[in-house]
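Read in order, the letters of the sequence shown correspond to residues 1 to 231 in full-length UniProt numbering. Okay, structure first, notes after.
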Amino acid sequence: GHFGHIELARPVFHPGFIIKVKKILECICVNCGKLKADISDPNFADKIRHVRDPKARMAVVWAHCKTKMLCEPDEPKEDGEGDNGAGDEPKKGHGGCGHVQPLIRKEALKLFVQYKRPKDEDEEVKSLQPDKRAISPLEVYTTFKKMLDSDLHLLGLSDEYARPEWMILTVLPVPPPPVRPSIAVDGGAMRSEDDLTYKLGDIIKANANVRRCEGEGAPAHVVAEFEQLLQ
1 GHFGHIELAR
11 PVFHPGFIIK
21 VKKILECICV
31 NCGKLKADIS
41 DPNFADKIRH
51 VRDPKARMAV
61 VWAHCKTKML
71 CEPDEPKEDG
81 EGDNGAGDEP
91 KKGHGGCGHV
101 QPLIRKEALK
111 LFVQYKRPKD
121 EDEEVKSLQP
131 DKRAISPLEV
141 YTTFKKMLDS
151 DLHLLGLSDE
161 YARPEWMILT
171 VLPVPPPPVR
181 PSIAVDGGAM
191 RSEDDLTYKL
201 GDIIKANANV
211 RRCEGEGAPA
221 HVVAEFEQLL
231 Q
């Protein structure tokens, strides 16, 4: 038998990769997908110059980037590099992408972004933007797609074999029946399906529900509920 697949209505996090996804998110700008560190920073360049092993390099880059709370706009560069975040909706008057970076928190199979508040922010702005919100796999997926190949190599990832957006499930492989055989119950009159088959059935149902809700234009929280079920 051949493997089949289920195309998911919404991307979901892969439980095996969610920690890696969180680490990559902490290294890049959540707005424009650019690496928060820059090779032109001598301190950073020096740190990664001697690290050949991709895994070790990722650890070094991560340690350097996770404390940065701002995607620094490029001032000296005039060739339009700094404004690759301008295509997104402007976030309270950004020059280029000077987007404030959140802390990423993981709870079970969900990721949350948490912004630190400036002390002098007025009450109106405070009520507009919540402190902590869940970030959907779809948002993470789109941010990862914006990443440049050069940044991937710095992170120790490969644009050919390990693009970060592939760590988020958009299509679920379905194993053929020999992998999940049905078993005979009580002398063979009844067949009981394998647990995996039931689970796949549940996934298909949840998937159909998300699709149906989107098609009917159901409110976002209803779609989100089914999306959680799918996850």
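Think of the CB as a built atom: it goes at the ideal place given N, C-alpha and C, for glycine as much as any other residue. Everything numeric in this text was worked out from a predicted model, so none of it was measured.
Here DSSP, grouped into helix, strand and coil, assigns P173 to strand. Bounds of the alpha helix (DSSP H) holding F44 are P42 to R49.
C-alpha of R133 to C-alpha of I104: approximately 10 Å in a straight line. The beta carbons of V21 and M147 sit no closer together than 7 Å. Here P15 is exposed. Its C-beta has fewer than 16 other C-beta atoms within 10 Å. If you compare the alpha carbons of L155, R211 and K66 with that of Q101, the shortest gap goes to K66. Shown here, H153 sits in a helix according to DSSP, grouped into three states. Rounded to whole angstroms, the separation of the alpha carbons of V179 and H2 is 10 Å. Here N207 is buried, its C-beta having at least 16 other C-beta atoms within 10 Å. Residue burial annotation: H50 is exposed, with fewer than 16 other C-beta atoms found within 10 angstroms of its C-beta.
When only Cα atoms are considered, T142 and N209 end up about 23 Å apart.
Note on V171: under 16 other CB atoms within 10 angstroms of its CB, so exposed under the neighbour-count rule. Between V174 and G33, the gap from beta carbon to beta carbon reaches 7 Å or more. Sequence-distant partners of L25 (beyond 5 residues in either direction) whose C-beta falls short of 6 Å from its own C-beta, in its chain, are I104.
Only exposed fits H153, as fewer than 16 other CB atoms lie within 10 angstroms of its CB. For K23, the CB contacts under 6 Å within the same chain, skipping 5 residues up- and downstream, are W62 in chain order.
For I135, the enclosing beta strand (DSSP E) begins and ends at K132 to I135. The Cβ atoms of V60 and K47 sit closer than 7 Å to each other. With a cutoff of 7 Å on beta-carbon distance, D149 and D159 are scored as near each other. Nearest C-alpha to L111 among G217, A9 and F17: F17. Pairing F13 with L109 gives a Cβ-Cβ distance under 7 Å. DSSP, read as helix, strand or coil, puts H99 in coil. If only uninterrupted alpha helix (DSSP H) runs of at least 4 residues are considered, those enclosed by the region 1-42 are 18-27.
With distances taken between CA atoms, N31 lies nearest to F144 out of L200, F144, D195 and E193.
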